[in-house]
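Residue numbers (the working numbering): 371 to 520.
First the structure, in the form of structure tokens, and then the observations on it.
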């Protein structure tokens, strides 16, 4: 993965797969699996947000001087998604299928719109403006994932 778009776009797809697994388990009312799958999804999303908010966004803002542009919008959307994830966690803990599926529908719509903005605008812009810093930034994001697994 030699671009931010490739690296973080691939992470979007991995999160989407975990989301689908959690949603399927809830739809089947397999609550043990649902709690496990949702926990994995929630952890993957938290890691993704952290990579962006602590590594990518500050590097982008430093290079461009834009702190009230696209990264501010992405942070606001991350906050909205965190709120939905908390509600979904509460719903899966209570084995409340209707609540979970209603929140997951909203989250899915928000995630898809968010990912399109990042993959079509922010990540390509980041690849362009970060130039030689891009590879070390990707390595730092990769390293942050391996630290989470220990």
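The beta-carbon is built from N, C-alpha and C at its ideal position, and this holds for glycine as well.
With a cut-off of 8 Å on the beta carbons, I'd call residue i and residue j a contact; round off their distance for me.
i: residue 430; j: residue 500; result: 7 Å
i: residue 411; j: residue 385; result: 7 Å
i: residue 473; j: residue 451; result: So it is not a contact: roughly 11 Å between Cβ atoms.
i: residue 440; j: residue 491; result: 6 Å
i: residue 421; j: residue 514; result: 6 Å
i: residue 399; j: residue 467; result: 6 Å
Starting from the Cα of residue i, find the closest Cα among the options and give me that residue.
i: residue 396; options: 463, 515 and 506; result: 463
i: residue 510; options: 470, 439 and 423; result: 423
i: residue 453; options: 373, 415 and 486; result: 415
i: residue 456; options: 405, 512, 483 and 515; result: 405
i: residue 418; options: 485, 438, 496 and 475; result: 485
i: residue 476; options: 447, 435 and 491; result: 447
i: residue 408; options: 461, 437, 420 and 514; result: 461
i: residue 413; options: 443, 471 and 388; result: 388
i: residue 433; options: 508, 503, 514 and 398; result: 503
i: residue 390; options: 372, 442, 438 and 482; result: 482
i: residue 394; options: 498, 487 and 470; result: 470
Any idea what DSSP makes of residue i, helix, strand or coil?
i: residue 376; result: helix
i: residue 381; result: helix
i: residue 398; result: coil
i: residue 518; result: With a pLDDT of only 46 at residue 518, under the threshold of 50, the placement of this residue in the model should not be trusted; the figure read from the coordinates follows. Helix.
Please return the same chain residues whose Cβ sits closer than 6 Å to the Cβ of residue i, not counting the five positions on each side in sequence.
i: residue 465; result: 401
i: residue 382; result: 485
Keeping to the same chain, check which residues put their C-beta closer than 8 Å to that of residue i; ignore five residues upstream and five downstream.
i: residue 445; result: 423 and 427
i: residue 436; result: 430
i: residue 377; result: 371, 508, 511 and 512
Once you ignore the five residues that flank residue i on each side, which residues in its own chain have a CB closer than 7 Å to its CB?
i: residue 379; result: 489 and 493
i: residue 496; result: 374, 426 and 430
i: residue 392; result: 404, 407, 408 and 411
At which residue ranges does the segment 423-501 contain complete alpha helix (DSSP H) runs of 4 or more residues, listed in the order of the chain? 427-434, 440-463, 467-487 and 493-500
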